[in-house]
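Everything in the sequence shown is counted per the numbering used here, starting at 77 for the first residue and increasing by one.
Cβ coordinates follow ideal geometry from the N, Cα and C atoms, glycine included.
What follows is a set of notes on a single structure, which appears directly below.
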Amino acid sequence: MEVETAEGTWHVRRRWAPRRLGADTLWRRFRTRTRKVGRRTRDLGDLPDPGCAVDALEGLVLVVVVVVVVVFLLLVGIPFLIALGELLILVLLALGGVVGRVLFRRPWTVDAVAPDGTHHVWAVVGWRASGAARQYVADRVAAGGAGGAVPSDDEVAAAALAS
Numbered sequence: 077m078e079v080e081t082a083e084g085t086w087h088v089r090r091r092w093a094p095r096r097l098g099a100d101t102l103w104r105r106f107r108t109r110t111r112k113v114g115r116r117t118r119d120l121g122d123l124p125d126p127g128c129a130v131d132a133l134e135g136l137v138l139v140v141v142v143v144v145v146v147v148f149l150l151l152v153g154i155p156f157l158i159a160l161g162e163l164l165i166l167v168l169l170a171l172g173g174v175v176g177r178v179l180f181r182r183p184w185t186v187d188a189v190a191p192d193g194t195h196h197v198w199a200v201v202g203w204r205a206s207g208a209a210r211q212y213v214a215d216r217v218a219a220g221g222a223g224g225a226v227p228s229d230d231e232v233a234a235a236a237l238a239s
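Given below as structure tokens:
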């Protein structure tokens, strides 16, 4: 969530993990992995000499169709299925992580980044409570004026408990 103040734009968000992943996003990981699979399977499209199968017209048509189908499957179909399987695994792992985080009451990280790059971090237990804390921090920063009134840990904890 972005909050506009006199000094610039604040970014207030709820983080999955307290660490910063940098530019390595889920989409970038997906693209990198599918490109690696594509590079590994690119050479599999080379076929040996078909021999005497091209002597007859029907043999030529059959070879062309088979080559097109095999090349399509090797270059598009198989990498697509692999990527789809990996995406399914990632979604299942993410769902399992969310369920585990909620069941084991691990705190969510509410992070507010000032326009100058200063980070303010609060650990809040519970999905709804962290959403309420994020909204409270955003409201306080928006109402804070020139300095951007960043709430204390106790104020954020009280706002999270009130939800």
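- In this structure, the alpha-carbon of E231 lies about 27 Å from that of G176.
- Residue pairing by DSSP places P183 opposite V201 in a beta bridge.
- If you compare the alpha carbons of R90, V140 and G153 with that of G202, the shortest gap goes to R90.
- Per the DSSP secondary-structure output, E78 pairs in a beta bridge with H87.
- About 6 Å separates the Cβ atoms of V217 and A188, confirming a contact at the 8 Å cut-off.
- Burial of A209 is indicated by the presence of at least 16 other C-beta atoms within 10 angstroms of its C-beta.
- Membership of V152 in any alpha helix (DSSP H) is not indicated, and neither H nor E is assigned to it by DSSP.
- Spanning the alpha carbons of L151 and T110 requires a straight line of approximately 11 Å.
- Pairing G220 with V226, the inter-Cα distance amounts to about 8 Å.
- Pairing H196 with P155, the inter-Cα distance amounts to about 42 Å.
- Your pair A214 and V113 does not check out as a contact, with CB atoms roughly 41 Å apart and the cut at 8 Å.
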